[in-house]
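> My structure is below; once you've seen it, I'll send some questions.
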Amino acid sequence: MTVSSSEVQRAAVVIVASAFGADAIRRDGHAVWAQAAARAGADGFEVRRELFADETDAQPEALAQLGAHIRAQGAWAVYSTPATLFRDDGALDSDALRLAIDEAAALGARIVKLQLGGTESAVATDAVTLDRLMSGISTSKARVVVENGQLKAGGTIGAFEALFGALPEASGLAMTFDTGNWHWAEQDPLDAAKRLSRHVAYVHCKAVMGEGARRFAAAPANGDARFATLLSQLPNDVPRGIEYPFIPGVDVSLDADAARQVARIAAF
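Below, the structure written as structure tokens:
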């Protein structure tokens with residue numbers, strides 16, 4: 001039997017905790033749903049700090065227990081925090097970076113993800129700031145990535161280009177490319193992929209339905225050529241995270257839909 005190149009190069013798939021529903025995660029805890037992610041065939045599970053039921057969930061011992069549980073399922077962890085790498089005035093938030101790195105280390109995460117933040121146009125890229133940033137990142141065992149958010153502040157192509165253009169190649173910082181968030185920030189996802197692809201180390205996968213404030217994340221449609229073209233512009237050897245809701249129905253369980261979506265995202 002001949003193995004195709006697409007099978008050999010299958011991207012690792014991560015299930016983002018929120019795909020199971022924010023209320024379910026807060027009610028049951030991440031550990032329960034990490035098991036569901038493993039049953040679905042996911043390689044990794046993204047822990048979302050904002051979905052902790054209590055601040056005690058973010059304490060080192062609790063994170064270590066959760067990380068051990070995820071690894072026991074045969075999966076690895078991503079740690080996501082809603083904290084921004086840069087403050088509203090564009091200045092580096094070293095405390096937020098340090099806390100995210102420390103919490104990710106306690107979890108044993110492979111990747112730690114923050115939002116970019118900053119002003120609507122830029123973040124600080126002076127030499128002192130960049131030195132502090134790289135020094136902070138150098139303490140992390142996890143890959144540090146910043147994600148494009150749904151606001152213009154931290155969600156424009158230009159801000160990411162300016163930051164990565166100012167950093168040396170070996171800065172240690174990479175990007176989470178969210179395929180859907182660009183729409184909220186009124187940016188062209190395909191243009192973003194062409195300009196930022198070489199900095200991408202993790203992809204958040206979702207399609208977007210609706211318009212304006214009524215937009216919402218959804219699974220890419222079968223045969224979605226635009227989504228397939230977008231992914232083709234991004235590295236095919238980086239993990240792909242599912243960040244749209246699983247939809248159980250009369251004829252399909254939540255577990256079955258999760259497994260189906262893992263297979264679909266791996267195959268795109």
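Under the UniProt record's numbering, the first residue of the sequence shown is numbered 1, with each subsequent residue one higher. Just so you know, even glycine gets a beta-carbon here, dropped at the ideal spot from N, CA and C.
Going by beta carbon distance, what residues of the same chain come within less than 6 Å of residue 106, once the five residues before and after it are set aside?
Reading the sequence shown from its first residue, position 106 is the one you call residue 106. Its chain contains 60, 63, 64 as the residues whose beta carbon lies nearer than 6 Å to that of residue 106, once the 5 sequence neighbours on both sides are disregarded; these appear in chain order.
> Alpha carbon to alpha carbon, how far is residue 19 from residue 26?
Numbered from its first residue, the sequence shown carries residue 19 at position 19. Numbered from its first residue, the sequence shown carries residue 26 at position 26. If I take the Cα positions, the gap works out to 13 Å.
> Check the C-beta distance from residue 227 over to residue 207 and give it rounded, since I have them as a contact under 8 Å.
What you label residue 227 is simply residue 227 of the sequence shown in a count that begins at 1. What you label residue 207 is simply residue 207 of the sequence shown in a count that begins at 1. Yes, they are in contact, since the Cβ atoms of residue 227 and residue 207 sit about 6 Å apart, within 8 Å.
> Consult DSSP for residue 82 and reduce its assignment to one of helix, strand or coil.
Here residue 82 corresponds to residue number 82 of the sequence shown, with the count starting at 1. The answer is strand: DSSP assigns residue 82 an E or B state.
> Which term fits residue 113, buried or exposed, when burial requires 16 or more other beta carbons within 10 angstroms of its beta carbon?
As a first step, residue 113 must be located in the sequence shown, where it is residue number 113. Answer is buried; the Cβ neighbour count reaches 16.
> Straight-line CA distance for residue 192 to residue 154?
Stepping through the sequence shown from its first residue, residue 192 is reached at position 192. Stepping through the sequence shown from its first residue, residue 154 is reached at position 154. C-alpha separation (whole angstroms): 13 Å.
> Rounded to whole angstroms, what is the Cα-Cα separation between residue 103 and residue 58?
As a working note, residue 103 is residue 103 in the sequence shown. As a working note, residue 58 is residue 58 in the sequence shown. Rounded to the nearest angstrom, the two C-alpha atoms are 7 Å apart.
> If you compare alpha carbons, which of 81, 170, 50, 244 is closest to residue 109?
Here the question's residue 109 lines up with position 109 in the sequence shown. For the residues 81, 170, 50, 244, the minimum Cα distance to residue 109 belongs to 81.
> With DSSP as the reference, please indicate the residues paired to residue 217 in a beta bridge.
Counted from its first residue, the sequence shown places residue 217 at position 217. 208, per the DSSP bridge assignment.
> Taking residue 47 as the reference, which of 67, 38, 54 has the closest Cα?
Residue numbering aside, residue 47 sits at position 47 when the sequence shown is read from its first letter. The shortest C-alpha separation from residue 47 is found at 67.
> Could you give the residue range of the beta strand (DSSP E) that holds residue 176?
Stepping through the sequence shown from its first residue, residue 176 is reached at position 176. Looking at the DSSP string, the run of the beta strand (DSSP E) that includes residue 176 is 173-178.
> DSSP on residue 87, reduced to helix/strand/coil?
Taking the sequence shown and counting its residues from 1, one reaches residue 87 at position 87. Note: residue 87 maps to coil in three-state DSSP.
> Under 8 Å, do residue 259 and residue 40 count as touching if we go by C-beta distance?
Looking up residue 259 in the sequence shown gives position 259. Looking up residue 40 in the sequence shown gives position 40. Yes, they are a contact pair.
> To the nearest angstrom, how far is it from the Cα of residue 245 to the Cα of residue 216?
Residue numbering aside, residue 245 sits at position 245 when the sequence shown is read from its first letter. Residue numbering aside, residue 216 sits at position 216 when the sequence shown is read from its first letter. For residue 245 and residue 216, the distance between alpha carbons rounds to 10 Å.
> With C-beta atoms as the reference, is residue 181 less than 8 Å away from residue 210?
As a first step, residue 181 must be located in the sequence shown, where it is residue number 181. As a first step, residue 210 must be located in the sequence shown, where it is residue number 210. In this structure, residue 210 does not lie closer than 8 Å to residue 181 by Cβ.
> Apart from the five residues on each side of it in sequence, which residues of its chain come closer than 8 Å, Cβ to Cβ, to residue 13?
Residue numbering aside, residue 13 sits at position 13 when the sequence shown is read from its first letter. Same-chain partners within the cutoff: 41, 42, 43, 44, 239, 240, 241, 242, 262, 265, 266.
> In three-state terms, what does DSSP make of residue 45?
Translated into positions along the sequence shown, residue 45 becomes position 45. Residue 45: strand per DSSP, three-state reduction.
> According to DSSP, which residues form a beta bridge with residue 202?
Working through the sequence shown from its first residue, we reach residue 202 at position 202. Paired residues: 176.
> Rounding to the nearest angstrom, what Cα-Cα distance links residue 253 and residue 24 in this structure?
Position 253 of the sequence shown holds residue 253. Position 24 of the sequence shown holds residue 24. Residue 253 and residue 24: Cα-Cα distance of roughly 15 Å.
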